[in-house]
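To start, the structure itself, in C-alpha cells.
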Amino acid sequence: LFGARQNSLTADEPAYIAGGYAVLARGQAALPMLAQRGYPPLLATLEALPVYLANADVPVEQLTGWPASYDTFTLSFKPYLEPLQRSELAARMATICLTVLLGAVVFRWGAQLWGPLAGLIALAVMTLDPTMLAHGRLAHTDAGATALGTAALYVVWRWARRPTWGKTLLAGLLLAFTLLAKVSGVLWLAAAGLVVLAALWERRRGGRVATLAGQGAAMLALAGLIWWAAYGFTWGHSAAFPFALPAPDYWDGFQYLRTYTTDVYALGMRQAAHSGWWWYFPLAFLIKNPLPLLIALVIALLALLRRPSGGRRYADLVALTAFPLLYGLVAIVDGMTIGYRHLLPLHPFLYLAIGGGLVAWAWGETARPWRRWAVA
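Under my numbering, think of the first position of the sequence shown as -7, with each following residue one higher.
Written out as C-alpha cells, the structure is:
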C-alpha cells in the first residue's frame, strides 16, 4: 500500500483504467476496443471503478480514438485522471486487495498440504518476493489474474479432496473470473480440467463417479457460461479462427497477443516479441529472482522428491504441477518475451513448494537441528 502511494503511473496503467472506464460507461460497445490490446474486461473494469464513481461524466464517445484506436483513446482519457495521486491509489486498490487474497490462499493451501508451518513459510516467501511486491500494487492484470487463478485452482483441489456442490459452484465462478481477467485464463481452466480428470481417476472404482463427473462438467460449464455472459452471449467470426465461435471479441484479443510485435532487447540483442527466444524466460527466472529464493527452491524440490509417496493423491500432484508445466511450456515456446512479469502466475506454486519442501528438509524425522536455523 505504501509502495502504491510512492510510485507514479506506469506506462500501461492508464490504458487499463481508460478501457475499464469505457466498459463501465458504454458496456458491451467498448469490448471490441479492449480486444485491440488483448484485454478481457474484468480487472480493467475493477481498476477503473473508483475513477468512474468519482466522475461518471467523461464524454467517452467524444474522445479522440473512440472506438477505432485504443492508444489514441488512452491519450485522450489521461487528463480525466487528475488529480493523479488520488486516481493512482484508487485504481490500484483492486490489485492490492486481490494480492492480499492471494496471500490468504497461499497460506491456507500450504497449511492444508503440509501443516501450518509450511503455510507460514510459503506466505513469508510471498511477502518478501520482489516480483510480487512490485506487481501486486499496480493497476495491471498480472497479479490480479494470478490471484484469481490460484484461488480457483485451490477450490478445485478442495473439491477433488471432498466434492460438494458448493465447491463446484465456487470453483466455476472463480474460473470464470480468471477467464475474464486475462487471456491466459484458458490455461488455468485447462489445469482445472486435468484436476477433475485426476479426481475421477482416483475414484474410478467408487460408486460416485457419475456424480463427480456431473459436478466436474457443471463446474467447467458454469465457468464458460459466465464468461460468455460477460460478452453478451455474442457469436461470430474472429480473426483468430476460420469459423464462428462464442465471444469473438475475446478471441480477437487472443489473436492480438499472439501476433503482438515490438522491439525487445536482451543481452545486447534486438528482437521482436514472439521472437523464438526459448531461453528468454529461463534466463529471466534465474536473473530476476533473489539468490536465497532460488537456493530455497532447489532444496525444497529435492526434499519433496525424497518424501515417501504413501497416501499421495493424483489430484494433489496434478493441482500443484499441471498449471506450472502448461504455463511454463507455453511461455517458453510462444510467450511474449517482453518482461519477466509474464511468469508471475508461476510464483504461488514456487511459494507452496518452498513452504512444503523446507518443512520436510528442516523438520523431517531425519533432519539435523542446524537446518532449522538455516531456514530461520
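All C-beta atoms in this analysis are idealised placements derived from N, C-alpha and C, irrespective of residue type, glycine included. Just so we're clear, the structure is a prediction, and the values are computed from it rather than from any experiment.
- Rounded to the nearest whole angstrom, the CA to CA distance from A292 to W58 is 51 Å.
- Beyond the five residues adjoining it in sequence on each side, R29 comes within less than 6 Å, by CB distance, of Y62 in the same chain, given in chain order.
- Taking F273 as the centre and dropping the five residues before and after it, the same chain places the C-beta of G320, A323, I324, G327, T329, Y332, H334, L335 closer than 8 Å to its C-beta, in chain order.
- Residue state for S0 is assigned as coil, using DSSP reduced to three classes.
- Out of P238, S68, W101, the CA that lies nearest to the CA of A7 is found in S68.
- Here the segment 31 to 40 makes contact with the segment 122 to 135; the two share three or more CB pairs at distances below 8 Å.
- In the DSSP assignment, A96 is bridged to no other residue.
- Setting aside the 5 residues that flank it on each side, Q207 is surrounded in the same chain by P155, W157, T160, each with a C-beta closer than 7 Å to its C-beta; the list follows chain order.
- With contacts defined by Cβ atoms closer than 8 Å, A314 and V187 form a contacting pair.
- Counting other Cβ atoms within 10 Å of its Cβ, G228 stays below 16 and is therefore classed as exposed.
- The C-alpha of A236 lies about 32 Å from the C-alpha of A143.
- In the three-state DSSP reduction, P59 falls in the coil class, being neither helix nor strand.
- The three-state secondary structure of A48, taken from DSSP, is coil.
- In this chain, G12 is not harboured by any beta strand (DSSP E); it is covered by the alpha helix (DSSP H) spanning 5 to 18.
- Distance from A173 to P32 at the Cβ level is roughly 6 Å; contact confirmed, criterion being Cβ atoms closer than 8 Å.
- F233 is bridged by DSSP to S230.
- In this chain, K70 is not harboured by any alpha helix (DSSP H), its DSSP state being neither H nor E.
- Residue environment for L294: exposed (fewer than 16 other C-beta atoms within 10 angstroms of its C-beta).
- One Cα belongs to V43, the other to P71, and the distance between them is close to 12 Å.
- Taking 4 residues as the minimum length, the alpha helix (DSSP H) runs contained wholly in the segment 138 to 188 are 157 to 173, in order along the chain.
- Proximity to P282 across R195, G141, L120 peaks at L120, based on C-alpha coordinates.
- CA-CA distance, V117 to A168, rounds to 28 Å.
- Secondary structure of P238 (DSSP, three-state): strand.
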